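2 protein chains.
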Amino acid sequence: MMPERLAAYLAESGRAVDAALERCLPAPGGPARRLADAMRYSVFAGGKRLRPALVLLASDLCHGARELALPPACAIELVHTYSLIHDDLPAMDDDDLRRGRPSCHKAFGEATAILAGDALLTLAFDVLAQPPCEQRAAALVAELARGAGVGGMLAGQQADMDLAGEEATAERVEFIHRHKTAALMATALRLGARAADAAEETVARLGRFGELLGVAFQIADDALDVECTSEQLGKTPGKDVTGGKITYPAVFGLAESRRRASALVEQALAELAPFGPPADLLRDLAHYVVARKR
Amino acid sequence: MMPERLAAYLAESGRAVDAALERCLPAPGGPARRLADAMRYSVFAGGKRLRPALVLLASDLCHGARELALPPACAIELVHTYSLIHDDLPAMDDDDLRRGRPSCHKAFGEATAILAGDALLTLAFDVLAQPPCEQRAAALVAELARGAGVGGMLAGQQADMDLAGEEATAERVEFIHRHKTAALMATALRLGARAADAAEETVARLGRFGELLGVAFQIADDALDVECTSEQLGKTPGKDVTGGKITYPAVFGLAESRRRASALVEQALAELAPFGPPADLLRDLAHYVVARKR
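Going down the list, the sequences are from chains A and B. One gets the numbering used here by counting positions in the first sequence from 1 and adding 1203 to each. One gets the numbering used here by counting positions in the second sequence from 1 and adding 1203 to each.
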């Protein structure tokens, strides 16, 4: 399913990101050691490092240095991890399973999970303000805050909750997907381009690619939630339906959802046209996002 | 109790900070409107704006421009507010009352309170990356992350929880106070000095003043928790004892705690000696912190 060259890139970039995450996470110890333990537990839980790869691919495409792209790659993964920890809490989606293991609050308790999420979010911004990124800190911090904050990811999570049980309309599911998932994926691409000092036009173009890809990704996620077993998914399936969540399958049905995801990927690919062959790995990734089985 | 000149400064700076907070908070509206509502509910809940005043006083002392000090003043209040929202959650201190009103999760539900805290923390960093602060963003973001993160405030909250019910020792209570409260107060002073481009030595000196003041502040808080009624306090009193929390009065008794708080204020005042009369408002504030009745 995944082309060899993409698999090789993800394996290599994943190792580089893991090493960089290892360096920026706090060493466990002292009276607050459970906090550092919980942060590490969730960050090193076997995530696919897809969003960091988007940062690095965007930077590569814009001829940026790997050294300058790794901190934003870490930052986006820290934000993604914190959002999963808080999302899994009993007051939110109440999910006991994440990536095939007990979710953070099942392993460490709710209070530690709340604080671990807070700490990962704080660390994400810290990473962007430290060398070698300090010259670009303002632009990178502003990008991350926009994608992750009340105008981005958090608006999607709030709407996802507040609209559960309400009528599933196209407008509503599009708002939720665009904010809950696509905003942070667009941010990953924009951060990579910014780390490489790309022109504003390029930042915007890669951001549009990321947003379209992100919506397609979330449609695929919704579809997998209907199609898969817990073992395949590594988290509890069928929760969207039981939770009354507004999903693409609920609005359009499964087949039409899959068709729409493919159409969005085609739109996303159109944004990559000016880049030519150097964008082939991003093209592979776009195809993979809707074809993946978990 | 509070000198006229300090009361006048706090009233004026509080109005300026409130106006700046009003400008940076999102306008309510759209499918995620409850999130913006919850953020505003907690930010405009009648806080004393003490930490923002510390930012502005430090900036004034270093001849900084008010315009450059207001964003970090807002950032520190946003972080303080988020920490109170998450601290009040049922999984944490489980407090229904905050500043005499229902706490955020009682007014908006737990899920929205979690997200509102996350959104305020994200916004705090955003504010530091926007004009007119963008030139200093790296230094300001790094300061805030250090004071608020896993090496600062969050370590204190984690230890405060994990050590509840354990033996109350001087070492433990000092770790908790230094991190839970003093780290962010030291950060307030350091942010104000950095916003004014003060020399590193001045940043460090004002940071030490803030840390000593912060420990004294928290001792006074612990003492008020023992001494006061709910009406006086605006939050549920006596919770430290029932929660098995490690407090100064638990380790040293009430009278010795009060004596130690006063001694810390004297040490804090010694850090201000080089500044002469221009630091008089900070001196007033230091005296007020241990003498306040709520």
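Where is the CB? At the ideal position from N, CA and C, for every residue including glycine. Because the structure is a prediction, the values reported are computed rather than measured.
Own chain, CB closer than 6 Å to residue i, minus 5 neighbours either side, in chain order
i, result
"A1256/B", "L1213, S1216"
"M1204/B", "A1494"
"L1260/B", "L1484, L1485"
"H1289/B", "G1320"
"H1380/B", "V1418, Q1421"
"K1251/B", "none"
"G1447/B", "A1367, G1368"
"A1398/A", "S1262, G1267, L1271, A1272, P1275"
Reduced DSSP category for residue i - H, G, I as helix; E, B as strand; rest coil
i, result
"P1305/A", "strand"
"L1300/B", "strand"
"M1383/A", "First, the amino acid is wrong: residue 1383/A is Lys here, not Met. Residue state, collapsed to three classes: helix."
"E1474/B", "helix"
"A1345/B", "helix"
"K1251/A", "coil"
"M1388/A", "helix"
"P1275/A", "helix"
"A1268/B", "coil"
"K1448/A", "coil"
"K1442/B", "helix"
"V1353/B", "coil"
"L1209/B", "helix"
"A1316/A", "helix"
"Q1338/B", "helix"
"M1242/B", "helix"
"T1372/B", "coil"
"L1228/A", "coil"
"D1487/B", "helix"
"A1261/A", "helix"
"G1233/B", "coil"
"G1479/A", "coil"
"A1332/B", "helix"
"A1401/A", "coil"
"G1395/A", "helix"
"G1456/B", "coil"
"E1324/B", "Checking the sequence, you will find Leu at residue 1324/B rather than Glu. In the structure shown, L1324/B sits in a helix (DSSP, three-state: H, G or I)."
"Q1463/B", "Note on identity: in this sequence residue 1463/B is Arg, with Gln being the wrong assignment. R1463/B: helix per DSSP, three-state reduction."
"A1294/B", "coil"
"R1495/A", "coil"
"M1364/B", "helix"
Spatial neighbours of residue i in its chain, beta-carbon cut-off 8 Å, leaving aside the 5 residues before and after
i, result
"A1340/B", "L1331, A1332"
"R1208/A", "D1483, L1484, D1487"
"F1311/A", "R1237, D1240, A1241, Y1244, A1319"
"L1376/B", "Note that residue 1376/B corresponds to Val in the displayed sequence, not to Leu. Answer for V1376/B: I1449, T1450, Y1451, A1453, V1454, listed in chain order."
"E1313/A", "L1292, P1293"
"L1347/B", "P1275, A1278, I1279, V1282, A1327, F1328, L1331, T1390, L1394"
"A1362/A", "R1375, F1378, I1379, H1382, K1383"
"G1441/B", "D1428, V1429"
"D1221/B", "F1247, R1252"
"D1298/B", "D1290, D1291, S1306, K1438, T1439, K1442"
Cβ neighbours of residue i in the same chain (closer than 7 Å, five flanking residues each side left out)
i, result
"D1425/A", "D1443, T1450, Y1451, P1452, S1460"
"A1248/B", "R1301, R1302, R1304"
"L1472/A", "R1486, A1489"
"V1406/B", "R1393, A1396, R1397"
"M1356/A", "S1286, G1350, H1382, K1383, A1386, L1387"
"S1465/A", "V1493"
### Whole alpha helix (DSSP H) elements within the stretch 1404 to 1436 of chain A, 4-residue minimum
1433 to 1436
### Query
In chain order, what residues of the stretch 1365 to 1387 of chain A put their CB closer than 8 Å to some CB of chain B?
D1365, L1366, R1375, F1378, I1379, H1382
### Residues of the stretch 1317 to 1334 of chain B whose Cβ lies closer than 8 Å to any Cβ of chain A, in chain order
I1317, L1318, G1320, D1321, A1322, L1324, T1325, L1326, F1328, D1329, L1331, A1332, Q1333
### Task
Give, in chain order, every residue of the stretch 1399 to 1426 of chain A whose Cβ lies closer than 8 Å to some Cβ of chain B.
none
### Query
Can you list, in chain order, the residues of the stretch 1250 to 1281 of chain B whose Cβ is nearer than 8 Å to any Cβ on chain A?
Answer set for the stretch 1250 to 1281 of chain B: empty.
### chain A contacts made by the stretch 1436 to 1469 of chain B, where a contact means CB separation under 9 Å
none
### Query
Using a Cβ cut-off of 9 Å, which residues of the stretch 1224 to 1235 of chain B contact any Cβ in chain A, in chain order?
L1228, P1229, G1233, P1234, A1235
#### Entry: Within 8 Å of chain A by C-beta, residues of the stretch 1235 to 1248 of chain B in sequence order
A1235, R1237, L1238, A1239, M1242
#### Entry: Proximal residues, the stretch 1291 to 1307 of chain B versus chain A, C-beta separation under 7 Å
L1292, A1294, M1295
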